[in-house]
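Data block below; observations after.
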Amino acid sequence: MASEDPTKVSIKLLIDQESNKVIVAEAGSDIVDILRSLLKFPLGNIARLIGKHQCLQRAGCLNNLYNSVENLSLTSFRTDACKPMLLNPRSIYEDEYSKKLKLYMEVSEPTGYFLCGTYLCIKTGSWFSHYKTSRCSCGELMDNPTDIGELKDSPTDMCLKVGTVAYKDESEGESMFFMTDDLRVMHGLPGDLMNILLNLGINNVCQIEEKVVDISSNEMSNL
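So, in structure tokens, the structure goes:
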């Protein structure tokens, strides 16, 4: 069922013809991994992305909280870096997990790495920041961009290792999954499908229509 286009993934929809409603979706590990990645998505980014679409309204109190932080002056924060951290938060798993997905949803700027530019801090291998408005312990701005490769095998690598998780796809192989409209995910076993149909009061499988849909990265981001 995999799509031949590497920028798309396929999902099979089982539709009840009488109610014209999707009963369950059948998908491979690619789609399931994308759904899993939603659990590490920072809440602040959700509010920011929804706010970009005029046809959508941010959810109640989340809208108020985001706007309140957005309207505060920098003097209200402990450091200049605090405000962008809240308005455009990053997940520590962004590089280690999201970019390994078949459909990478680029919802934020690429992760940056910034160092202090003073000679002593460079010599001793100072800590790095993802935000160029952060200040080093010496008091200077950490606004010198660096490549992550330059941080390996250095004292700063300790911080990188703290936020690193080994990516392991437990659903690797030909495993299939069933997904319901309330985002319940289960292995694609025949018994599970029958239980879903019976719980919905569907006894005649002839009234079920199958439809395969291809989903692109842009469509997934819009969802």
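Numbering (the numbering used here), first residue to last: 34 to 256.
Where a beta carbon is used, it is the ideal one built from N, C-alpha and C, also for glycine.
Taking 8 Å as the limit between beta carbons, can you name the residues of its chain near residue i, skipping five residues before and five after?
i	result
Q240	D49, Q50 and E51
I229	I56, V57, F211 and T213
G221	E59, S208, M209, F210 and F211
I235	D49, I56 and I241
L95	L76, I79 and A80
L233	D49 and I56
What's the C-alpha gap between residue i and residue j?
i	j	result
K165	T157	19 Å
G150	D180	14 Å
V65	K54	21 Å
S170	G224	59 Å
N97	D215	27 Å
F161	M175	7 Å
I44	S62	11 Å
Y152	E173	11 Å
F74	L226	30 Å
F110	S249	40 Å
L231	L72	30 Å
Would residue i and residue j qualify as a contact pair, given that the criterion is a beta-carbon distance under 7 Å?
i	j	result
L46	K244	yes
N177	L148	yes
Y99	A114	no
L119	V102	yes
D247	K116	no
Quick test of your reading: residue i and residue j, contact by CB under 8 Å. State the CB separation rounded to the nearest angstrom.
i	j	result
V218	L68	7 Å
S70	T112	Going by Cβ atoms, the distance from S70 to T112 rounds to 30 Å, so no, they are not a contact pair.
Inside the segment 56 to 126 only - alpha helix (DSSP H) runs reaching at least 4 residues: Fully enclosed alpha helix (DSSP H) runs of 4 or longer: 62 to 70, 76 to 84, 93 to 104 and 115 to 120.
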